[in-house]
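The block underneath contains the structure these notes are about, expressed in C-alpha cells.
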Ligand code: SF4
C-alpha cells in the first residue's frame, strides 16, 4: 500500500524501531528560543551532557524582546534574565544564536524558513507549538516540551509514538477577498480545536497548490489550533523557487540531488488517510473569531452566535463563558464590534506578504482615531525588506506604529499588551483569555481584515471600505 | 523523575472544557528559568475569584484534578505541567487531553488519565457532593476507583513502564548510541547545517 507524505518523512528518520517501543526518530533541525530552553540546558548541565549536534541547532530571541528602544537595556528584569540565560547557555554549549540587535533575529518560525534551514522532508522541532509552521515546506515539524528539548539537545533524537493521518482537501479556488488566514480559521471552526488531535494534517487540493509559501506557512502554523500534531503541504515548484539560493539551501550538485529527492515527497495515489475532510474554497468568505478559542469563529458577515443554539452541552457552556469574557451579546453583528487595538504581526502573519497586504489597504488611508495599530514584522529581515519597499512609510503615514521584530503582542510577554477590557483585531493565532494581556479581548483576523478594521474602527473587510484612498503626494 | 504506581487523594472538580495552557500558567510566568515555584501561577486569572473551585477551603490539599474535555490545549509550555505539580497535583483526569500537554505530563511523572466523559461526570458529581471523597488512580491495574466508580483506563505499555519505574528518557535513548551513529552516517549530504555560511 502507498504511503502518505507524513509517513514517508517519518520512515526516513527512524533510527531504531522495536516492538512495544516508540520509534526513535532523528531530528534534522532543532530551533531554540529563550522561553522553553533554560530548564533544558540546566538539565544537561546537571547530568554532565553536551549538545550532540550544535550544527543542527540554532537559537533566536523573540518572545521577551521589546519592540521599542531595543538598544537600551530591557526594563523588565525577569525578561532580561531569561535572555541573558539563553546567551550564556548558547555560549557555553556552542549553539549559534541570533540575539536582539542581530540582523537575523526574529520570531523563530520566521527565521528558520528565511535562512533556508527549513527544507522538504526534514524533521524540525522547537519548544514551541507553532513549529507546525515549517510543515509548509513538506517537513514534519512539531512543537515539543522542555523535557523533549533537553532530549533532542542530548541525543538529536526523540522517541515518538505513531500519529494518524488526516487529509484536508481544499477544492476549487479561493475568492479574491479570501486569504490563507480566513481559510485556516474556517477549517478550525469546522473541525474544532480538538478535531486534529493525534493527527498530522496534510493540506492539499487546488486552492492549497496555488498558495505562496508565506500563505502556506500561515495555514500550517495554525494546525496546532485544531489540536493537530503537525500540518504539512507537499513540496512543489513554489517551494523550490522559495528555497533556491537562500543561505542554507543546497547548492550545485547537492541542489539537484535534493530536488530529485524532494519531488518524491508526495502522498502516493493509493495511500489511505485515517480521516478526510473536503472544503469548498469558492464558498469561503473573510472569517473572524468571536470567542476565546480559535475554533469559535464565523464569517465576518455573521452575527455573534447564540450559545443556546449549540446542541452539545460543553460547547454551549464554552460559548456562554466566551461571550461573557468577550463582552458580546448573542445576535450582535460581528461587523459592529468596535476595537481599540489592531495588531499585525506574529509567526502566523508577520511575513513580508502579510505586511504588503495590510499596507496595500492602508495606502492613502488613515487609522481611525479610536484605534492604535501596531505593526510588528516577524523578523529583522522582513523589516528591512519592508523598509526597502517603503511599507514602513505607508504604515506610519496612516498613523500606525512601526515596531521592531519579535513576538510582541501575540502573547504579550514584552510590554506590548492589551489593557483589561481592551479589544483587539489581531493577525496572531490565539484568542485565549488574557493571551494578549490580562483581561484583553482578541479577535483573530487576516492582515487585510486587520487593516480595514483599523481604518473603520470596527471589524471590517476591505470590501467595506467605500472611500477611495486619498492620494498623498509622495 | 519520580515513579508513579498508585495514588489516592481528594479531588478538584474543574467543570471547564478547552482549558488551555495559557490559563493553566499565564505567559508572564514563563520568564522563570527554573522548574519550581510555579504554584502561585496555576490558574492565576481564575484564582482572583474567591469562589473559584481551587480557592474553596474544602479543596485545599486535593491532589487529583478532574477536568473537562480538551485539557491542556494551546501552547507547548511544559511549565503547565510543572505548575500543576508544584501546586500538589499528582494526576489529572479528563476525557481528552491535548497531545503536547499529554506528552509533557507523562515525561514529568504527572499521570494524565483519559476516561469517558460519563465517568468524568460521575466523578464531578461525587466530588462536588462530597468534597472529602477520595479518588484512587492505580497505574499498576490501570484503574480509577472512587465510591460507586470503577473504571479502567488505557496507557501505552511503554509509557506505563517508564512511569512505574520513574525512568529518564535520555538515559534510555543513550543506550542506543550505536544506532544513532549509524543513522548519522547515512544522512544525505544535502541536509542543511546551521553553521553560518
Ligand atoms: S509569534 Fe506568537 S505564536 Fe509565534 S512563536 Fe511568537 S508567541 Fe508563539
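Residue numbers (the UniProt record's numbering), protein chains in the order written: chain A, 1 to 474; chain B, 1 to 197. By construction, the Cβ of each residue, glycine as well, lies at the ideal position given by its N, Cα and C atoms.
As a beta-bridge residue in DSSP terms, residue 303(A) pairs with 333(A). Counting other Cβ atoms within 10 Å of its Cβ, residue 110(A) reaches 16 or more and is therefore classed as buried. Within the same chain, and ignoring the five residues on either side of residue 184(B) in sequence, no residue has its Cβ closer than 8 Å to its Cβ. Assigned with DSSP and collapsed to three states, residue 407(A) falls in coil, not helix or strand. In the three-state reduction of the DSSP assignment, residue 122(A) falls in the coil class. Within the segment 56 to 130 of chain A, the complete beta strand (DSSP E) segments of 3 residues or longer fall at 57 to 60, 96 to 98 and 123 to 126, listed in chain order. Sequence-distant Cβ neighbours of residue 451(A) in its own chain, meaning closer than 7 Å and more than five residues away, are 358, 361 and 362. Buried is the label assigned to residue 250(A), since at least 16 other Cβ atoms lie within 10 Å of its Cβ. Within the model, the alpha-carbon separation for residue 43(A) versus residue 32(B) is close to 15 Å. Distances from the CA of residue 199(A) to each of 218(A), 182(A), 223(A) and 215(A) were compared; the closest alpha carbon is that of 223(A). Spatial neighbours of residue 120(A) in its own chain (CB-CB distance under 7 Å, excluding positions within 5 residues in sequence) are listed in chain order as 137, 138, 139, 235, 239, 262 and 265. Counting of Cβ neighbours within 10 angstroms places residue 18(B) among the buried residues, the total reaching 16 or more.
Leaving aside the five residues that flank residue 443(A) on each side, the residues in its chain whose CB is nearer than 8 Å to its CB run, in chain order, 288, 289, 290, 337, 339, 423, 424, 425, 426, 431 and 459.
Ranking 56(A), 343(A) and 15(A) by CA distance to the CA of residue 448(A) puts 343(A) first. Not flagged as an interface residue toward chain A: residue 90(B), since no C-beta distance is shorter than 8 Å. DSSP places residue 151(A) inside the alpha helix (DSSP H), whose first and last residues are 146 to 155.
Here residue 160(A) is not near residue 152(A), since their CB atoms are 8 Å or more apart.
Residue 328(A) and residue 433(A) have their C-alpha atoms some 14 Å from each other. Relative to the non-hydrogen atoms of the ligand SF4, the Cβ of residue 107(A) comes within a distance shorter than 7 Å of at least one. In the displayed model, residue 30(B) falls within a helix according to three-state DSSP. Residue-level contact by beta carbon fails for residue 71(B) and chain A, as no gap is shorter than 8 Å.
Here the distance from the Cβ of residue 429(A) to the nearest heavy atom of the ligand SF4 is below 7 Å.
Leaving aside the five residues that flank residue 293(A) on each side, the residues in its chain whose CB is nearer than 6 Å to its CB run, in chain order, 193.
When only Cα atoms are considered, residue 45(B) and residue 23(B) end up about 7 Å apart.
Within chain A, not a single residue places a beta-carbon under 7 Å from that of residue 83(B); the smallest gap is close to 13 Å.
The ligand SF4 has no heavy atom closer than 7 Å to the beta-carbon of residue 220(A).
Residue 371(A) places its beta carbon less than 8 Å from that of residue 457(A).
Note on residue 167(B): under 16 other CB atoms within 10 angstroms of its CB, so exposed under the neighbour-count rule. Judged by their CB atoms, residue 278(A) and residue 169(A) are nearer to each other than the 8 Å cut-off. For a Cβ distance threshold of 7 Å, residue set 247 and 248 of chain A lies close to residue 197(B), ordered along the chain. For residue 38(A), the enclosing alpha helix (DSSP H) begins and ends at 38 to 46.
With a 10 Å radius around the Cβ and a threshold of 16 neighbouring Cβ atoms, residue 62(B) comes out buried. Shown here for residue 313(A): not one same chain residue has a beta carbon closer than 8 Å to its own, the five before and five after excluded. Here the C-alpha atom of residue 128(B) lies approximately 18 Å from the C-alpha atom of residue 91(B).
Identification of residues in the segment 23 to 39 of chain B having a C-beta nearer than 9 Å to some C-beta of chain A yields 23, 26, 27, 28, 30, 31, 32, 33, 34 and 35, given in sequence order. Using a CB distance cut-off of 8 Å, residue 107(B) counts as an interface residue toward chain A.
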